[in-house]
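Participant:
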RNA sequence: GCGCCGGUAGCUCAGGUGGAUAGAGCAUCGGAUUUCUAAUCCGAAUGUCGCAGGUUCGAGUCCUGCCCGGCGCGCCA
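Here's what the structure looks like:
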């Protein structure tokens, strides 16, 4: 079942072909319902090219088109828009054709899988293991998980790569500090527990700054670590494991699954990066790879320094050490050559834009990545405090992600408190779901590139484009189904759907847009397109079910009752599926 | 200095490939309703889309210049 917009587009293309024109049908969703559901904007542009009047050309297209199985007779409006309004019988047939939801929760709503599936790498979250995850890691984790879910849903193979920072210079300091404070780690590395990584880091840093001996020790430890000293490596490993346990407590809570592949994993590949680049440098016909001030560099071109000189990507520092360009190039080698990736998406803050522009340009320049292969930096803005300033604790420290989630869940508990139907356990469960959903949804409903202001009142409001509203809309439909005492699984078998009331038409049309929304999100990777759609769907349902302008459901005549209950069920399924793709779990009652 | 991102209603924010009278939520005002969960629905009001030019049938969207805010610009990641 392909998106309706493409079906209509194909019909317009055929009509154009019939009158001897090969052109893009320029199909779009109508901005205003009074113009119908879809419109073709092709006539205006083509008319000029063909030396004809736009409206005449539009008329010729309409005369040549066959769409009576999909919509009402198309109309021509304004300068030459061709408007299409889907017919109720088509809407009904299309909805009726959606197969029942499978038991295992993998509902696809009748959507097909990608014809040419990609192998997609999504680089997400990627915290530094030295410290605890903080508010700055929220967006990458949540956005990355969302696009990974959408791409998986479309049938692509997705690798979620958690490129954690576990190999930087600060690990010398941390391991040296660990050796002092937790000497038994050397004997029993598995038993290491650090309750508060953040303060552990602060303590280590304080000692590093105050104690010359410790500073020296730290530096020696880095060298020992990176040259493979088994004792140091063991302590380092214990520290990383412990740190990852902190991270995964959060990932588990958020329902995010990913593969940890830290910088250390790429250690050997970084050597390989250097070997290949030195070879290119020495070959004589890759002048963009060369040494500069003692550092091995790639000059991708198009980037300049403050003084206007060509800006290189530094791949090996003049002291022989590696930096993040080295490990990022190593990830590209691994992803392209080992994982066989056909699309790579880096979900990283927008402050890194120039770095990724240079990295991608360099990787293409040296031929490690084909020109056509998509390398995408999915860049996002900062999370700010509600006053628009940087999000800090009262003391000016970083805000731990764990604390933010805890606070949201606590506030959610307050929101649902008045409902006495739920047991204490159920209430806890609902609060957990609602609180986490609120944080995720609020993040995902903003456009990526701009900063947004973190506001618990907003994200936990029952009104407006929020998680609680969406979850309530879903729970409400489930409540209707319970009250109607109809098995909504059995309901789907061989049963006709009737679409005639304006509220039914509106809701049915909205339901069938799900396919094209998913397609858009999979291509452009804008989660807020999905949240906006789900919000509109929920509003359409409210009108559908409204006493004044909607239809009766439970007490409607039997045939309409079953049809409408099925529409309710389809709405619930689209909401559940859409929210699932956002990484949000639904609840049956709240 | 160069580059990138943002500037849209009182507030928070949306506005695929240029499309019709620029939207939503909140807040404000007015109306419906003894509820198939009112956590609702209908209506009203509110805009120099940062400014100025340009491109064209048509510009919030594309181009040029400028203003404001944020970020980045050689060995930290």
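In the working numbering, the protein residues as written are 2 to 591.
Cβ coordinates follow ideal geometry from the N, Cα and C atoms, glycine included.
(1) Cβ of residue 267 within 8 angstroms of Cβ of residue 331?
(2) First and last residue of the beta strand (DSSP E) that includes residue 344?
(3) Helix, strand or coil: how does DSSP classify residue 129 here?
(4) Please report how far the alpha carbon of residue 393 lies from the alpha carbon of residue 253, in whole angstroms.
(5) Rounded to the nearest angstrom, what separates residue 540 and residue 185 at their Cα positions?
(6) Out of curiosity, what's the CA-to-CA distance linking residue 171 and residue 579?
(7) Mind reading off the beta-carbon distance from residue 511 to residue 538? Whole number of angstroms is fine, and I expect it under 8 angstroms.
(8) Exposed or buried, residue 591, counting other C-beta atoms within 10 Å across all chains shown (16 or more means buried)?
(9) So, using beta-carbon positions, are residue 62 and residue 102 closer together than 8 angstroms?
(10) Residue 72 bridges to which residues according to DSSP?
(11) Which same chain residues end up closer than 6 angstroms to residue 378 when comparing Cβ atoms and leaving out the 5 residues on each side of it in sequence?
(12) If we ignore side chains and look at the alpha-carbon of each, how far apart do residue 572 and residue 454 end up?
(13) In terms of alpha-carbon separation, which member of 259, 100, 297, 409 lies closest to residue 315?
(14) What does DSSP give as the partner residue(s) for residue 298 in the beta ladder?
(15) Classify residue 117 as buried or exposed, calling it buried when 16 or more other Cβ atoms lie within 10 Å of its own Cβ.
(16) Find the nearest neighbour of residue 72 within the set 132, 178, 5, 373, judged by alpha-carbon distance.
(17) Look at the alpha carbon of residue 77 and the alpha carbon of residue 518, and state the distance between them as a whole number of angstroms.
(18) Given that a residue counts as buried once 16 or more other Cβ atoms are within 10 Å of its Cβ, and exposed if not, what is residue 606?
(19) In the segment 342-396, which residue ranges form an unbroken alpha helix (DSSP H) of at least 4 residues, counting only runs that do not cross its ends?
(20) Pop quiz: residue 68 and residue 41 are said to be a contact at Cβ under 8 angstroms. What is the actual Cβ separation, rounded to whole angstroms?
(21) Among 66, 506, 566, whose alpha-carbon lies nearest the alpha-carbon of residue 479?
(22) Among 220, 585, 44, 424, which residue has its Cα nearest to the Cα of residue 475?
(23) Can you give me the C-alpha to C-alpha distance between residue 360 and residue 169, rounded to a whole angstrom?
(24) Within the continuous alpha helix (DSSP H) that includes residue 175, where are the two ends?
Facilitator: Considering the structure as presented:
(1) Yes.
(2) In this chain, the beta strand (DSSP E) harbouring residue 344 covers 344-350.
(3) Strand.
(4) The alpha-carbon atoms of residue 393 and residue 253 are separated by roughly 25 angstroms.
(5) Here the alpha carbon of residue 540 sits roughly 60 angstroms from the alpha carbon of residue 185.
(6) Looking at the backbone, the Cα of residue 171 and that of residue 579 are separated by about 41 angstroms.
(7) Cβ atoms of residue 511 and residue 538 come within 8 angstroms of each other, at about 5 angstroms.
(8) Buried, by the Cβ-count rule.
(9) Residue 102 sits away from residue 62, with the two beta carbons spaced by 8 angstroms or more.
(10) For residue 72, which the question treats as bridged, DSSP gives the partners 87.
(11) Around residue 378: 347, 357.
(12) Between residue 572 and residue 454, the C-alpha separation is close to 31 angstroms.
(13) Looking at the Cα atoms, 297 is the closest of the given residues.
(14) Residue 298 pairs with 291, 315.
(15) Exposed, by the Cβ-count rule.
(16) Checked all of 132, 178, 5, 373; the closest Cα to residue 72 is 5.
(17) The alpha-carbon atoms of residue 77 and residue 518 are separated by roughly 26 angstroms.
(18) What is shown of the chain runs 2 to 591, which leaves residue 606 out entirely.
(19) Listed in chain order, the complete alpha helix (DSSP H) runs (minimum 4 residues) inside the segment 342-396 are 354-366.
(20) The pair is not a contact, with the Cβ atoms about 11 angstroms apart (cut-off 8 angstroms).
(21) Per the Cα distances, 566.
(22) Selected option, being the one with the closest Cα: 585.
(23) Straight-line Cα distance between these residues: approximately 19 angstroms.
(24) Residue 175 -> alpha helix (DSSP H) spans 171-182.
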